[in-house]
Each structure stands twice: as structure tokens, then as C-alpha cells.
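Numbering (this note's numbering), first residue to last: 24 to 253. Beta carbons: idealized from backbone N, C-alpha and C, even for Gly. Below: the structure, in C-alpha cells.
Written as C-alpha cells, this is what we have:
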């Protein structure tokens, strides 16, 4: 009864704009770190000169601007712009790449001297693993000599899966034994329809959601990782 989309949206708004601000007012600290730009509005209840915000991407804004071909509701674009507006108040804004820095400087009012690029780290678990290739492939019924492409995907349009499916259709002409292993969310219905239209459905192995240990083994078992996100 309570797991309704509208209820979830109301819960999210309540936590973002009522509960979290009330909680923050209880604390004093030398530095506050807002871990996601989606909560940048919390700066209103903090000392901006003691606040750092990590900005991961500007996808909803770029979609609203027509830069990337993704539809976003007008309300999402509007609230996203509002939250981004608070970034300019922060003492520093941390981002993960120089590309995001360029986008941030172009579409927001954050001064360039407050933006710091800190590349994302990689956990110690993610490393070459001897002997992982054959057994992991066997678990999905894949031959050891097949050419395996790996995609790790969420249920998000910016993952740009249609482009990958079209590339797979072209690649199979040169590599008849090529396969796509997809970890994470299943294809959207229209993506599944496209895969069928391109005659590549049989080339896709769905692994589903896996833990980090299995994910690392798939990284080692694949020939190439694709990351077509826009």
C-alpha cells in the first residue's frame, strides 16, 4: 500500500527538505561533506564556508537542455536546477573527471577556482584474478574461445544501450562468436524489441545482479568492457 511511486516521491521530498535539514541543525563540525549534488540544497542549513559538495554528473540538466537524448519530467529538471544552484555557495565542489568539470563550469555558476577534480577510487577487490575466466564463462554456458563483451548496467536511459545493441549487430559480421554479457538491470521493453529486430537477442547473456566478488570475476572473464553511457 505504501510502495506507490507517488508515495516514494513524497517520502523523498520530505527527507530532502524537512527531515535532513532538521537533523543537520543539531550538529556542529569543522567540515561538512554533502556526498551527492542531489542534496546540495542542504547548504541552506550549514555554514557554506565549511561545506564541501561532491557533484557526480549533470545528466538531468543536460537532458533538459537537449544535449543528451533522454526525456526527463519538467518537475525533475526544475528541482535539479534548483539544487545545482546551491553548489555555488559551497567552499569546494569535488567532481570525478575533467569532463564533468567542463560541463559544470558551462552550465552552473560555480567559480572555477572552487572546483576540484578527484578521480574515483577503485576498491582493492577489483584486480586481476587468475583462474577466473573459464569457470565464470562456464557458469553462463559460454565457450572459453568466444569473444565476450561485458556491460554493467542499471535501469537508466543514459546507459545508452541501443547504441551498444547496434554495435553488436555490426560486430557479429566480423566475429560470429561474439557475445554480450549484461550484468544488472534487464533491457527496457523497447530495447529488447530492438535487440530482436537486429537479430542479436540470442547473443545476449543476462547475468542479473551479482555481488562484487562475482563482478570482479566477470571483469576478468570478459575480453572487453563497454561503457556507452552518454
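- With a 10 Å radius around the Cβ and a threshold of 16 neighbouring Cβ atoms, residue 149 comes out exposed.
- Between residue 127 and residue 118 the beta-carbon gap is near 6 Å, inside 8 Å, which marks them as a contact.
- Along the stretch 40-77, the beta strand (DSSP E) occurs as fully enclosed runs of 3 or more residues at 55-57, listed in sequence order.
- Within the same chain, Cβ atoms closer than 6 Å to the Cβ of residue 182 are found at 176, 252, the five residues on either side in sequence being excluded.
- Contact annotation: the stretch 55-69 touches the stretch 96-111, with at least three C-beta pairs closer than 8 Å.
- Secondary structure note for residue 229: its beta strand (DSSP E) is the uninterrupted segment 227-231.
- For the 8 Å CB-CB criterion, residue 59 and residue 170 do not form a contact.
- In this structure, residue 191 and residue 226 form a Cβ contact; the two beta carbons are roughly 6 Å apart against a cut-off of 8 Å.
- Around residue 160, the same chain offers 166, 167, 169, 171, 244 as residues with beta carbons nearer than 8 Å, after the five sequence neighbours per side are excluded.
- Buried is the label assigned to residue 81, since at least 16 other Cβ atoms lie within 10 Å of its Cβ.
- Residue 97 sits in a helix when the DSSP states are folded into three classes.
- Here DSSP, grouped into helix, strand and coil, assigns residue 79 to coil.
- Distance from the CA atom of residue 154 to the CA atom of residue 49, rounded to whole angstroms, is 52 Å.
- Proximity to residue 249 across 90, 137, 147, 206 peaks at 206, based on C-alpha coordinates.
- A check of alpha carbon separations from residue 162 across 47, 241, 32, 39 identifies 241 as the nearest.
- Exclusion of the five residues before and after residue 200 leaves 166, 168, 169, 170 as the residues of its chain whose Cβ lies within less than 8 Å of its Cβ.
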